[in-house]
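Following UniProt numbering, the numbering of the sequence shown begins with 1 at its first residue and continues without gaps. Glycine included, each C-beta is placed from N, C-alpha and C at the ideal position.
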Amino acid sequence: MKNLMVSLVVFSSLFHLACEKDRNNKNISACALSMKHKFEKELVCTEKGTMESNLYEGIYNNQKVYFVDIMCPSCNTAAPQFGYTCDDKKVMFEEFSKVKDVKQVYNSCTKEFME
Numbered sequence: 001m002k003n004l005m006v007s008l009v010v011f012s013s014l015f016h017l018a019c020e021k022d023r024n025n026k027n028i029s030a031c032a033l034s035m036k037h038k039f040e041k042e043l044v045c046t047e048k049g050t051m052e053s054n055l056y057e058g059i060y061n062n063q064k065v066y067f068v069d070i071m072c073p074s075c076n077t078a079a080p081q082f083g084y085t086c087d088d089k090k091v092m093f094e095e096f097s098k099v100k101d102v103k104q105v106y107n108s109c110t111k112e113f114m115e
């Protein structure tokens, strides 16, 4: 039982430090940090400025949504089809052009939050 308690304390400390490392990157919101972790497998950088997928936020139907978009000048990529609210509600984009105030939240190449 004692070993289990020690293991739990060590694990929670390491988890807390990992979260704090992300938080200390900049003054990021809990929602942005959560979305970065949600989309972590999709946030990939092949080469900065050539092929990268980054986390963005925007306003769609009066809701703040987070989504991954691919930045590739020489690729013919489709616009994102969905995003998520901070409440983890999936929102389908009927027309991506209606997503307003789009800004980058996390860059997969620099591994930095933009907030």
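Within 10 Å of its beta-carbon, does residue 54 have 16 or more other beta-carbons around it, so buried, or fewer, so exposed? buried
Span separating the alpha-carbon of residue 80 from that of residue 27: The alpha-carbon atoms of residue 80 and residue 27 are separated by roughly 26 Å.
Which value, in whole angstroms, describes the spacing of the CA atoms of residue 43 and residue 62? 25 Å
Return yes when the Cβ of residue 66 is within less than 8 Å of the Cβ of residue 102, no when it is not. no
I believe residue 52 touches residue 71 by the beta-carbon criterion, under 8 Å. Please report the beta-carbon distance rounded to the nearest angstrom. 5 Å
Assign residue 114 to one of three DSSP states: helix, strand, or coil. coil
Verify whether the separation of the beta carbon atoms of residue 100 and residue 58 is less than 8 Å. Yes, these two residues count as a Cβ contact at 8 Å.
With distance defined between alpha-carbon atoms, name the residue in 29, 78, 48 and 31 nearest to residue 97. Selected option, being the one with the closest Cα: 78.
Residue 74, buried or exposed, once every other Cβ within 10 Å from all chains shown has been counted against 16: Classification of residue 74: exposed, given that the 10 Å Cβ count is below 16.
If you reduce the DSSP assignment to three classes, tell me which class residue 86 lands in. It is coil, neither helix nor strand.
CA-CA distance, residue 94 and residue 84? 14 Å
Output the distance between the C-alpha atoms of residue 56 and residue 47, rounded to the nearest integer angstrom. 18 Å
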